[in-house]
Amino acid sequence: MMEEEHIYIPVDQSEEVVAVPLSNLPEDPEEIVDVLKAEMVPFSLWVDFARAYLAQDKIPQYQRLLSFGTEKDVEDFYRGKGTFESIQLLCELAATHVDAARAESNKSSKTERFAKAADLLSTARQLDFHEQLSSIGLGELALARDDIEGAKREFQQAARHRSNGKENIAGILMLAKLHFRQSQYADALKLYKMALRRHPGCPPHVRLGIAFCHFHLGRPKLAEAAFNRTIALDPHCSSAYIGLAVLSLNSGTKQGRAQGVHLLYEAFESDPSNPHLLALLSQHCLVNDCHEEARQLAAAAAELAESDKQKAKCVMLEGRAWHALRSAREAARCYTQARKLDTKLPLPHYGLAQLNLLQDQSFHTSINLLETALQQVPGWQDALQVLGQLYSKMPEKAAKSLAQFREAAARSPSSMEVWEMLAELLAATDPPGSLHAYKKALELYRAAPHSSDSAPHAAENGHTEPSIHLNPKLLNNAAVMHMRGGNFQVALELIEEAIQAAASGDAVSNVTASSQVTMGYNHARLQESCGRRREAEVSYQRILQEFPGYVDCYLRLACLQGRRGDLPAAHEWASKALAASNNAPDALAVQASLYLADKDKSQWDKAKEILEKKLLGKHENRHDAYAQLALGNLFLNSISHSAKHPGSEDRDSKQFTRALALYKRALEQNPGNLYAVNGIGAVLAEQGHLTDAHDIFGQVQEVSAASEGFFQMPEASVNLASAALAQQNFAPSAQLFQSCLRRHFHGQSSRVLLYLARAQYDANRLLDAKKTLQRAIHCSPWDTTLAFNLAVVMQEYGVRELKKERRAGDPNKLTELTAAGVQLTQAWRLFTFHKSQLDRLGKHTVPVDKKKLAAHLNFCNSTFQKAQVLVKEAEKEEEAADEVRAAAQHAIQLAAQARQAEVWAREQKAEQARLDREAAGRQQAAKMERLKQDWRDNEAARQAAEQGDASKVDRKRKKDQQAAAEEAAFIEPDDDLDGAEYQPGDESDDGQAGPADDGNEDEGEDPAGAAASLAGTGLMSDSEEAAEPAAEVNEALEPEVEVDGQEAEPAAGPSSHKGRLKRHRHPDVAAQPETAAPEDDDMDSDGPQDDGAQAAKRHRAALFQDSDDE
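Count the sequence shown with UniProt numbering and you get residues 1 to 1110, in order.
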């Protein structure tokens, strides 16, 4: 059993004490005060008894005891004895006044309480200016007065001061708390860490502050570690359990959520009166649809809340619980109370806006509430989503708030919901911007990671990754915007994806049956726009089997049959639509359009009756824009119907006036109605004001082009081209028709193709007009008017070709005349086919006059006969021209052959000259090589003679003899050189002088020196030595040679002639006996003989001079 705690009062002037049990404190604190005064106890006992009353939640006794301790007589008694205790009492009493002021609703009472607290704290500061406790009290007072800067100054001062002369971290903690309240978590974290370093044994709540700072800074791991450390130091710290629970709940996993709930229950067991904990449990119950439990917990949390802001949050949670319980009155009461407690809290405004919408109250009130909430939380997606739906019903408000939504999208570029809401808001006012927003939203949705919750579902379906489906609503709306922009294939893919997502059964894909029918209709509509009309027709009929009251399907089927030309079937579907919709305006409009499309203009009266009586005749439909425009078109188109009758000008004028009035009325109701503007332009064009009409059509087309495909008006483009055609601007008109076909009709509109053919016809491009009409017939084979116009074009082509002026001898005459006959034949066949169809089906099916058709047939027949005559004449002219051409061609061939032979002869002559030059060059090179070798041999012999080496001289002499024999048997030159003779002064073939006389090359050799050398070796006799060397050399150089049986003239000097000697092999050279070579002087002989001396002379002449040289 625990021992009871006591406070001991020492008895004055005695060692005895009085034990006062804490469990039995007197209800009147004055009894304790009397004892304390009588015994003159230390002032610290006053503080102990005050805190004892406070611990027992006896606030009045606590306050009275503090008041007694601050009386003047007590202060005088303890002055200088218990300064710190006096400061404690003053600060604690001031804190009671601050708490009372916070709870006070009366402003004057609140101010009075703050003033008393300020006086007490000022007194405490005067006792000790450097005491920390008074600075903390003044800081709390400043916070209660919402003076954040003043509180920061006091807390900073407290952090520098001491408490009772000792270092204390209370000032640092208060400053950290202030930074945390201002969401300055990084600064708060630094201060908490500083306090922990200065006092490692500080209370666990310091680590709790560190944990919450890490939590708000996005550091869940560090926050979790700090929370766990706090719990380890204080197992009953409910705030730490709450922090861990929030971390687990935010993990996004099923296990984490379960752990978070378990931690919340542990915190509740530890501290069931914690308002934060009760608010979290209430919110958890709301999420899990436990609305009654959530309401009870929120009400309990509101009673225990310590501040107005905290109480406002709890009351707001109670209002949400009442809202979920469908108690609108109680929910509105709670939301209103929360707004009063905290005007900056956004959720109560949002809840009140929802309640107003549920009770069908004014949109303006809800919009104002949502705008107020968005002022507190800019870019709040939930509020923006509701506000966007409201703005879509109030365009005047939407235009003003677009900037806010764009700013939200710019602030949160990765928020898929914001982009989707922006797209929905822009759909009516800015279709291109809406399409861009839808593309961005789809891009973000597709790039988002798969939800972990879908992993089990994916595993059940056998997928390795969870299959994520986009919201069918988003896909459907994006498909509609793509369709409006003309991107039919992309839109079809999106709507098919939406249908698949809706059929998946996911929570995000949970769509209603009506939404599924809408997506099915949109799918069929896109099939129709993509040209898959058979599939679209089947889809419409399938929807009607399940939902027979879906009127739009009847109307689309009627339009499909009308476009196909089957007007009876179209009227049948329109009648079904009228029956299913009870004569809805849309069904009446479709029926009227079918009557207007009938070629039998007697049906137009039925259309007029529908438009005038059933649509515009009713009060609720008197401003129907379609009815006004359709009736105006009827009056405008009926002008041509009555133009041929007497008095048609007056009727036309009235029709123009009525049509123009209807167009103007539609334009006044909607200034942006471009169809009305186009109708006014058409009236002006019919009245002959082509320039004005052209300008109007051009402006309409510019607006259509500026809409980036969202507003397509092909009629304006057709009218613009028709106005250009009426102004006889044929080439621009044809270009405009072609552009219109390509941009609006995929090149498959028979009506526009007919207009294009007319422009080409007027521009004399008859073949192009024929091809264009053939394309039109391919698009609408049932339209007999197209075939009749094709026959007219072919007939006109044949006539123009026959009348065409041609120059004499035109080679294309026969071809063109034959083609003209073919065109006339084909035209006659088409006219014949029309006659048979007209006789069989009647004029209503084939709208052609019989007399006019007969005239065309007769004209084609007679013109064809004329063409046959012209063709025969052209054939004769062609035969004559062929003969002339054949003769001319033969002469040209002969001349070409002669030129070719001449060219060949020149080429042969040039080739022969080249070969001659190459042969002469080879011969000259060989001769030069021989001369070089002779010079080398002579030099070697001379050196041998000087050195007295007779063996080398002998070898030289033998070599020279062998060379002479080889020279005598010199190979014959090329055959083309045989028989050539030396002609002084001749030049080479190329006009250049021949090579210099070879005799000049030996001018450097000294014959006397050579003879002296031979004499030194003993090869010359005395008589030879006495002979004149120059004379011997000249004799050897100038022998008389017989060439070709003739005696050659003595050669002149080396420079006396120019030319070249072309030699033949002499027949007797090979038969001449070889002269015996003289022996050396040292050989055994009787001396030189005359014959030997002559042979030596000849040998020396051959050695030093080539007898063949010039």
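Don't be surprised by glycine CBs; every beta carbon is placed ideally from N, CA and C. Predicted model, so just to flag it, every value in this text is computed and none were measured.
Remark: C-beta atoms of ALA423 and TYR438 approach each other more closely than 8 Å. Looking at the backbone, the Cα of ALA279 and that of ALA188 are separated by about 25 Å. The segment 401 to 420 makes no contact with the segment 682 to 696, as fewer than three CB pairs between them are under 8 Å. Only exposed fits PRO200, as fewer than 16 other CB atoms lie within 10 angstroms of its CB.
Shown here for ALA195: same chain residues with a beta carbon closer than 8 Å to its own, the five before and five after excluded, namely ILE169, ILE172, LEU173, ALA176, CYS202 and VAL206 in chain order. MET316 counts as buried, since at least 16 other C-beta atoms from the protein chains shown sit within 10 angstroms of its C-beta. Per DSSP, the continuous alpha helix (DSSP H) segment holding ASN368 begins and ends at 363 to 376. Secondary structure of ARG145 (DSSP, three-state): coil.
Excluding its 5 nearest sequence neighbours in each direction, GLY565 has C-beta neighbours in its own chain below 8 Å: SER780, TRP782 and ASP783, listed in chain order.
Between the segment 880 to 889 and the segment 815 to 827, the count of Cβ pairs shorter than 8 Å is below three; the stretches do not touch. Fewer than three beta-carbon pairs drawn from the segment 539 to 546 and the segment 749 to 760 are found closer than 8 Å, and the two stretches are therefore not classed as touching. Take GLY260, set aside five residues on each side of it, and the residues of its chain with a beta-carbon closer than 6 Å to its own are ALA245, SER248 and LEU249, in chain order.
Under the three-state reduction of DSSP output, GLU131 falls in the strand class. In the DSSP secondary-structure assignment, LYS813 is not bridged to any residue.
By the beta-carbon neighbour count (other beta carbons within 10 angstroms, threshold 16), GLY252 is exposed. Non-local C-beta neighbours of GLN376 in its own chain, meaning closer than 6 Å and more than five positions away in sequence, comprise LYS344 and PRO346, ordered along the chain. Taking all protein chains in view, the Cβ of ASP934 is crowded by 16 or more other Cβ atoms within 10 Å, so the residue is classified as buried. Going by DSSP, PHE84 is part of the alpha helix (DSSP H) stretching over 83 to 103. Spatial neighbours of GLY379 in its own chain (CB-CB distance under 6 Å, excluding positions within 5 residues in sequence) are listed in chain order as ALA408, ARG411 and SER412. The beta carbon of ASP552 is closer than 7 Å to those of TYR521 in its chain, skipping five residues each way along the sequence. DSSP places PHE212 in the uninterrupted alpha helix (DSSP H) bounded by 204 to 216. Residue state for PRO714 is assigned as helix, using DSSP reduced to three classes. Here the segment 657 to 665 makes no contact with the segment 695 to 709; the two share fewer than three CB pairs at distances below 8 Å. Counting only the Cα atoms, LEU674 lies some 16 Å from GLU708. The beta carbons of VAL683 and LEU636 sit closer together than 8 Å. Contact check for LEU660 and ILE639: beta-carbon distance about 12 Å, past the 8 Å limit, so the pair fails to qualify.
Judged by their CB atoms, SER163 and GLN126 are not nearer to each other than the 8 Å cut-off. Contact annotation, GLY139 with PHE114: C-beta distance approximately 14 Å; criterion of less than 8 Å not satisfied. Collapsing the DSSP output to three states places VAL511 in coil. Here the alpha carbon of LYS152 sits roughly 32 Å from the alpha carbon of ALA232. For the pair ARG806 and CYS860, the Cα-to-Cα distance works out to about 22 Å. Assignment of LYS770 by DSSP, reduced to helix, strand and coil, places it in the helix class. Straight through space, the alpha carbons of LEU281 and THR123 are spaced by roughly 45 Å.
Pairing ALA589 with ALA627 gives a Cβ-Cβ distance under 8 Å.
Ranked by how close their Cα comes to the Cα of HIS523, the residues GLN603, GLN545 and LEU494 have LEU494 in first place. Between ALA332 and GLU318, the CB-CB gap reaches or exceeds 8 Å.
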